[in-house]
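Note sheet for the following structure.
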Amino acid sequence: MLFRSKRFSSRPDDDLVIDISEEFGVRKLHFGHDDTQSAMRISDPLELVLAYSRCVFGALLFVPVPKTMLLIGLGGGSIAKWAYARLPETRITCIELHPQVIAVARSMFGLPADDERLEVIAGDGAAHLVGMGEDSCDFIVMDAYSATGIAPPLATTEFFAACRDRLTDDGVLAVNLWGSDKRFQQYCERLSDIFDGHLLLLPARQKGNVIAFGFRKGLGEPRWEQLAQRAAGLESAYGLEFGEFVTDLARLNPHNDRKLFV
1 MLFRSKRFSS
11 RPDDDLVIDI
21 SEEFGVRKLH
31 FGHDDTQSAM
41 RISDPLELVL
51 AYSRCVFGAL
61 LFVPVPKTML
71 LIGLGGGSIA
81 KWAYARLPET
91 RITCIELHPQ
101 VIAVARSMFG
111 LPADDERLEV
121 IAGDGAAHLV
131 GMGEDSCDFI
141 VMDAYSATGI
151 APPLATTEFF
161 AACRDRLTDD
171 GVLAVNLWGS
181 DKRFQQYCER
191 LSDIFDGHLL
201 LLPARQKGNV
211 IAFGFRKGLG
221 EPRWEQLAQR
231 AAGLESAYGL
241 EFGEFVTDLA
251 RLNPHNDRKL
261 FV
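Be aware that the sequence shown starts at 1, since it is given in full-length UniProt numbering, and climbs by one per residue.
The following block contains the structure:
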């Protein structure tokens with residue numbers, strides 16, 4: 001099954017091809033090549049099939065459940081759908097550049113209709129941030145990938161700074177990155193500069209995704225023992241592998257045997 005949309009550009013590579021595949025009970029969304037953008041288990045539409053989408057919620061190890069969440073880049077809607085179902089106190093706004101992606105998320109991947117807790121907007125994520133004015137958000141998730149990688153306007157110093165400026169005092173930005181991207185280190189350095197070093201990297205155990213968390217304020221060098229206790233409670237509440245998240249934080253972040261340095 002194939003859907004097409006056209007961006008407003010004269011470049012021929014700006015065609016967005018949305019391809020839907022289905023195998024072994026899992027429906028997948030692709031943007032014109034083999035890489036999977038989103039996946040849904042048909043027998044359990046809420047399951048976060050892709051590891052990186054579960055890692056996004058590793059932010060809950062460090063911050064309270066958000067009251068407001070802004071998701072830039074929708075894909076099949078897995079992250080928005082899970083937050084809508086499992087975080088009932090959270091109001092979610094999703095910004096997706098392509099209306100066809102929204103239509104596919106709703107018709108093929110079970111994304112709920114808009115209501116008082118969920119709003120899906122067809123538009124530009126960077127422009128939306130600017131248009132927020134003085135409004136702030138607890139949790140911003142940047143998950144906007146095209147067929148060729150992360151959308152360049154959503155990885156600039158200016159964009160990351162705009163995200164920081166729209167966060168509440170306890171807010172966090174989560175950015176989905178590819179560890180194999182030649183610009184990966186550059187992106188991490190930008191984020192670290194913007195967030196005054198308050199940056200954590202959580203590698204997904206599936207493929208090469210790394211979630212970069214930028215925190216508006218420091219976390220006070222959390223101790224492993226405290227993180228393990230927090231993880232146990234979150235795992236019981238939400239069913240995600242928070243204990244593994246704690247273990248995996250040691251792979252890419254400064255630490256000693258007692259605590260994280262962030």
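Note that the Cβ used here is the ideal one computed from N, Cα and C, for glycine as well.
In whole angstroms, what is the alpha-carbon distance linking residue 181 and residue 174?
The count along the sequence shown starts at 1 and reaches residue 181 at position 181. The count along the sequence shown starts at 1 and reaches residue 174 at position 174. So the two alpha carbons sit approximately 17 Å from each other.
Which first and last residues belong to the beta strand (DSSP E) in which residue 41 is found?
Mapped onto the sequence shown, residue 41 falls at position 41. Start and end: 36-41.
Could you spell out the range, first to last residue, of the alpha helix (DSSP H) harbouring residue 81?
Along the sequence shown, read from residue 1 onward, the residue named residue 81 stands at position 81. Start and end: 78-86.
Helix, strand or coil for residue 91? Go by DSSP, reduced to three states.
The residue given as residue 91 occupies position 91 in the sequence shown. In the structure shown, the three-state DSSP call for residue 91 is strand.
Under 7 Å Cβ to Cβ from residue 184, same chain only, skipping five residues before and after it: list those, please.
Within the sequence shown, numbered from 1, the residue matching residue 184 stands at position 184. 177, 178, listed in sequence order.
Between the CA atoms of residue 64 and residue 89 - distance to the nearest angstrom
Your numbering for residue 89 matches position 89 in the sequence shown. Your numbering for residue 64 matches position 64 in the sequence shown. Straight-line Cα distance between these residues: approximately 11 Å.
For the beta strand (DSSP E) containing residue 183, name the first residue and the last one.
The residue given as residue 183 occupies position 183 in the sequence shown. Note, residue 183: premise wrong, no beta strand (DSSP E); not H, not E.
For residue 108, the first and last residue of its enclosing alpha helix (DSSP H):
In the sequence shown, residue 108 corresponds to position 108, counting from 1. Where residue 108 is concerned, the enclosing alpha helix (DSSP H) stretches over 99-108.
Of the residues 145, 164, 87, 209, the one placed nearest residue 133, counting alpha carbons only
The sequence position of residue 133 within the sequence shown is 133, counting from 1. Checked all of 145, 164, 87, 209; the closest Cα to residue 133 is 164.
Straight-line gap, residue 137 to residue 98 (C-alpha atoms, nearest Å)
For the purposes of this step, residue 137 is taken as residue 137 along the sequence shown, with counting starting at 1. For the purposes of this step, residue 98 is taken as residue 98 along the sequence shown, with counting starting at 1. Rounded to whole angstroms, residue 137 to residue 98 spans 23 Å at the Cα level.
Can you give me the C-alpha to C-alpha distance between residue 239 and residue 193, rounded to a whole angstrom?
As a first step, residue 239 must be located in the sequence shown, where it is residue number 239. As a first step, residue 193 must be located in the sequence shown, where it is residue number 193. Distance between the alpha carbons of residue 239 and residue 193 is about 34 Å.
Have a look at 143, 127, 249 and flag the residue whose alpha-carbon is nearest the alpha-carbon of residue 77.
Locating residue 77 in the sequence shown gives position 77, counting from the first residue. Among 143, 127, 249, the Cα nearest to that of residue 77 is on 143.
Which residue marks the beginning of the alpha helix (DSSP H) containing residue 65, and which one marks its end?
Position 65 of the sequence shown, counted from the first residue, corresponds to residue 65. Looking at the DSSP string, residue 65 is not in any alpha helix (DSSP H), and its letter there is neither H nor E.
Candidates 217, 167, 151: closest to residue 187 by CA position:
Stepping through the sequence shown from its first residue, residue 187 is reached at position 187. Of the listed residues, the one whose Cα sits closest to residue 187 is 151.
Compute the Euclidean distance between the alpha carbons of residue 197 and residue 24, then round it to the nearest angstrom.
Stepping through the sequence shown from its first residue, residue 197 is reached at position 197. Stepping through the sequence shown from its first residue, residue 24 is reached at position 24. Their Cα atoms are separated by approximately 43 Å.
Roughly how many angstroms lie between the CA atoms of residue 42 and residue 83, to the nearest whole one?
The residue you call residue 42 lines up with position 42 of the sequence shown. The residue you call residue 83 lines up with position 83 of the sequence shown. The straight-line gap from Cα to Cα measures roughly 18 Å.
In the DSSP assignment, the alpha helix (DSSP H) including residue 30 goes from what residue to what residue?
Start at 1 with the first residue of the sequence shown, and residue 30 comes out as number 30. Taken as a continuous stretch (DSSP letters only), residue 30 belongs to no alpha helix (DSSP H), being part of the beta strand (DSSP E) at 26-31.
Indicate whether the contact test is met: 3 or more Cβ pairs, each with one atom in the segment 46-60 and one in the segment 203-210, closer than 8 Å.
yes
Mind checking which residues open and close the beta strand (DSSP E) that includes residue 141?
One-based indexing of the sequence shown puts residue 141 at position 141. Per DSSP, residue 141 belongs to the beta strand (DSSP E) from 137-142.
The alpha helix (DSSP H) with residue 131 in it runs from where to where?
As a working mapping, residue 131 is identified with position 131 in the sequence shown. Counting along the chain, the alpha helix (DSSP H) containing residue 131 begins and ends at 125-131.
Nearest CA to the CA of residue 255: which residue from 245, 85, 223, 72?
In the sequence shown, counting from the first residue as 1, residue 255 sits at position 255. Per the Cα distances, 223.
CB-CB under 7 Å to residue 249, same chain, minus the five flanking residues each way: which ones, in chain order?
Translated into positions along the sequence shown, residue 249 becomes position 249. Excluding positions up to five away in sequence, the list reads 200, 202, 260.
What residue range does the alpha helix (DSSP H) around residue 285 cover?
Beyond the ends of the chain as shown, which are 1 and 262, falls residue 285; an answer cannot be given.
When DSSP labels each residue in this structure, what does residue 262 get in the three-state scheme?
In the sequence shown, counting from the first residue as 1, residue 262 sits at position 262. In this structure, residue 262 counts as coil in the three-state DSSP scheme.
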